[in-house]
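Chemist: For reference, the structure I am asking about is given below.
Protein chains in written order, with the working numbering: chain E, 1 to 313; chain L, 1 to 443.
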């Protein structure tokens, strides 16, 4: 079907015999260009994804290291064990807590900054944008280490500030109630910059005439925001919501560096629990089951978000 | 001398941080500082006791003479310094070429797992004593031949190698824990002798906090089985009994947990410490006048405290209840099944266990000999602090070398934290430990 133009260029019989060869060669060229991606994707994504799925039905562990094919299939046992694993449920609870509080905060603050920077603040606008975006491009580990210093109960800047105004600051990361909020604060602070940049782009796509019309109709600032900005920003908000939720459901580095999942496992996320099972205990079958449960949760949440928030207009 | 000792021991020590069982993998921050100090402190040339060493050559080779090439992996600082011993071994066995590969502690587990999975193991490697169970479960180790005499080693250290009744490795060096305390603060509180019983330990912590002017009485980990088990063992309890059944909720265990927890309940030790907490400066400042630790703290304190501090602290053996049992850690050496040169590999292991080599290794890497005869070396025998450690090693245990130890240790730590920081009662904590341990199992 790709042949006709080639056939036409050729003459008579010759063209007919040349046609398929050209097509084959064209295919090959295409595959050659695609090859780097296809090979890398196959080796580093597709194969592990399939292997992990198979592993999740086995008891693959240390004993199988020398002869991986000799591992025993145990059906849904890993999933059943996971269902009654209290530590898994608490890690899932912690992750949901992080998402439910962290995602709205990130989006609302990001949108507020974007709105302020595109309509209100005009001086030093670039400086502000760069400032808010800097944490996004900074290494998460470096940020977590610095925040650990900030939150140090004895010598941290935050508690020193509180002491200066007469408050006795708590041990932020060592307190089971405050540890997760501290981590949420850091994650929100870091990710607000990305939300801001995306929202700024979304805001710029809204035609100025709509704001003029709203002003002529006598709409106030809040009304304009509610009735013009928000509806037109809906696709952008949906995109940010899905992206941020997926990212936050995979919470790992922040608690890994800052609290190690503690205190009392209050900041242990699903991904951290998976890491512990898979690489500290080397229960790779069980860890794969955790990974697939998390995958299904992410897929369901993203699906629901799309279903309920997609603008049909 | 002691300064260097400490720095290296910090690196060498198995499981010194509070985090949990995967502790061998975490090198303390002093690592970088240690290397330059060590190179200066360990002049290979004059440290080699050429006079005694050749004796090893005769006894070590099972088949007379050995030859070929050996690949040896060693972790952290030991990996850097092992060349000294390898050279000596090659002097005695000129037909053998030993290649030492240093492996960083934080990559050791992953690298060994990869090597085993890929059938690319070395001939010989170092193995953290708390890693033995899990790596032996892979079936990659060669059992120890009968020519090696278990009686030469400290019993606790030897037992970390025994899996299902079969020795899969040989102790290389050891560490054990005992009590560091501030003599000046004790005197302030009217106490002039170290605590010899649990009651005295408790009374001393109370007095140091109430009358000695310390912020706390002692420093104990909120979730560290390495600190809890000495109390369990000293009270006549154990992790498992003879038949391999868990005994984590025995009356002795509940008593030990109750005693351990009382320090937290009475505010003698805090339920949380700031991120990056370091006991050394806190001990020197007097905030924490007592803590349990291994030999690496001798030099850390000496360095941090300076010369004026030398008469303000001392070490003492574990206080006694039924017994005065401490924890023993350290490293073993193993030979791999896939080795093409097992004769030479075992000859090298026997060479490492020779008392003369053990003394040389103390001179080189400043880690404590796992072989009892190694302690007769004057460098160790004449140091009064080290002698206390040597004495404690006669009553020191390690948890069973289970394949699931990292999992068991983590579960025990979680429950300990629920007791010390949370509101779980000792009896409930003991029952929970027992129940979780039973569901995890030993293999």
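All C-beta atoms in this analysis are idealised placements derived from N, C-alpha and C, irrespective of residue type, glycine included.
Per the DSSP calculation, residue 126/L is bridged to which residue(s)?
Modeler: 333/L
Chemist: Assuming residue 89/L and residue 292/L make a contact with CB atoms under 8 Å, what is their CB distance in whole Å?
Modeler: Actually they are not in contact, since the Cβ atoms of residue 89/L and residue 292/L sit about 36 Å apart, beyond 8 Å.
Chemist: Helix, strand or coil for residue 290/L? Go by DSSP, reduced to three states.
Modeler: strand
Chemist: At a CB distance below 9 Å, what residues from the segment 413-429 of chain L approach chain E? Give them in sequence order.
Modeler: 414, 417, 418, 421, 422
Chemist: Quick check for students: name the residue ranges of the beta strand (DSSP E) that lie wholly in the segment 200-230 of chain L, counting only runs of 3 or more.
Modeler: none
Chemist: Which one or two residues does DSSP pair with residue 99/L in a beta bridge?
Modeler: Its beta-bridge partners are 71/L.
Chemist: For the segment 116-149 of chain E, which residues have a beta carbon sitting closer than 7 Å to at least one beta carbon of chain B?
Modeler: Absent from the structure: chain B. Protein chains present are E and L.
Chemist: Who are residue 181/L's beta bridge partners in DSSP?
Modeler: 290/L, 314/L
Chemist: Assign residue 426/L to buried or exposed, taking buried as 16 or more other Cβ atoms, counted over all protein chains shown, within 10 Å of its Cβ.
Modeler: Residue 426/L should be labelled buried.
Chemist: Quick check on this structure: which residue in 124/L, 379/L, 204/L, 403/L has the alpha carbon closest to the alpha carbon of residue 170/L?
Modeler: Here the closest residue by C-alpha is 124/L.
Chemist: Do you know whose CA, among 71/L, 73/L, 87/L, 65/L, lies nearest residue 364/L's CA?
Modeler: Of all alpha-carbon atoms in 71/L, 73/L, 87/L, 65/L, the one lying nearest the alpha-carbon of residue 364/L is that of 87/L.
Chemist: Is there a C-beta anywhere in chain L that falls below 7 Å from the one on residue 223/E?
Modeler: no
Chemist: With a threshold of 8 Å, are at least 3 pairs of Cβ atoms found where one atom belongs to the segment 133-153 of chain L and the other to the segment 300-312 of chain L?
Modeler: no
Chemist: Let me see if you follow: with CB-CB separation under 7 Å, is residue 275/L close to chain E or not?
Modeler: yes
Chemist: Using a Cβ cut-off of 8 Å, pull out every chain L residue sitting near residue 154/E, in sequence order please.
Modeler: What residue 154/E touches in chain L: 274.
Chemist: Looking at the C-beta of residue 35/E, does it have a partner C-beta in chain L at a distance below 7 Å?
Modeler: So no, residue 35/E is outside the interface.
Chemist: Roughly how many angstroms lie between the CA atoms of residue 255/E and residue 87/E, to the nearest whole one?
Modeler: One C-alpha to the other measures close to 16 Å.
Chemist: Does the separation of the CB atoms of residue 106/E and residue 198/E fall below 7 Å?
Modeler: no
Chemist: Using the rule of at least 16 other Cβ atoms within 10 Å of the residue's Cβ for burial, across every protein chain shown, is residue 22/L buried or exposed?
Modeler: Residue confidence is low: residue 22/L scores 35 on pLDDT, short of 50, so the model does not pin down where it sits. Its coordinate-derived value is still stated next. The residue is buried, with at least 16 neighbouring Cβ atoms inside 10 Å.
Chemist: Checking 7 Å against the spacing of the C-beta atoms, do residue 56/E and residue 288/E come in under that value?
Modeler: yes
Chemist: Between which residues of its own chain and residue 408/L is the CB-CB distance below 7 Å, once the five residues before and five after are set aside?
Modeler: 402, 437, 440
Chemist: Quick one: using the 10 Å Cβ neighbour count with 16 as the cut-off for buried, is residue 240/E buried or exposed?
Modeler: buried
Chemist: Excluding five sequence neighbours on each side, which residues of the same chain lie with their C-beta closer than 6 Å to the C-beta of residue 43/L?
Modeler: Here the model assigns residue 43/L a pLDDT of 35, short of 50, so the residue's position is not dependable, and the following value carries that caveat. Cβ neighbours of residue 43/L beyond the five flanking positions: none.
Chemist: Which residue wins for smallest C-alpha separation from residue 132/E, given the options 114/E, 144/E, 142/E?
Modeler: 114/E
Chemist: Which same chain residues, not among the five before or five after residue 93/L, have their C-beta less than 6 Å away from its C-beta?
Modeler: Counting only Cβ-Cβ distances below 6 Å, and skipping sequence neighbours, we find 66.
Chemist: Roughly how many angstroms separate the alpha carbons of residue 323/L and residue 236/L, rounded to a whole number?
Modeler: 7 Å
Chemist: What residues in the segment 168-183 of chain E bring their beta carbon closer than 8 Å to a beta carbon of chain L?
Modeler: 171, 173, 174, 175, 176
Chemist: Taking buried to mean at least 16 other C-beta atoms within 10 Å of its own C-beta, is residue 94/E buried or exposed?
Modeler: buried
Chemist: Flag residue 406/L as yes if its beta-carbon sits less than 7 Å from any beta-carbon of chain E, otherwise no.
Modeler: Taking Cβ atoms only, chain E reaches closer than 7 Å to residue 406/L, which makes this a yes.
Chemist: Can you tell which of 384/L, 411/L, 355/L, 346/L has its C-alpha closest to the C-alpha of residue 146/L?
Modeler: 346/L
Chemist: Just checking: is the beta-carbon of residue 307/E within a distance shorter than 7 Å of some beta-carbon in chain L?
Modeler: no
Chemist: Comparing alpha-carbon positions, which option in 114/L, 179/L, 234/L lies nearest residue 295/L?
Modeler: 179/L
Chemist: Put residue 384/L into one of helix, strand or coil per three-state DSSP.
Modeler: helix
Chemist: Return no unless some Cβ of chain E is closer than 7 Å to the Cβ of residue 104/L.
Modeler: no
Chemist: Do the CB positions of residue 79/L and residue 103/L come within less than 7 Å of each other?
Modeler: Between residue 79/L and residue 103/L, the C-beta gap is smaller than 7 Å, which places the two residues in contact.
Chemist: So, for residue 258/E: in the same chain, excluding its five sequence neighbours on each side, which residues have a beta-carbon less than 7 Å away from its beta-carbon?
Modeler: Taking C-beta separations shorter than 7 Å and ignoring five residues to either side along the sequence, the partners of residue 258/E in its chain run 144, 147, 148, 173, 183, following chain order.
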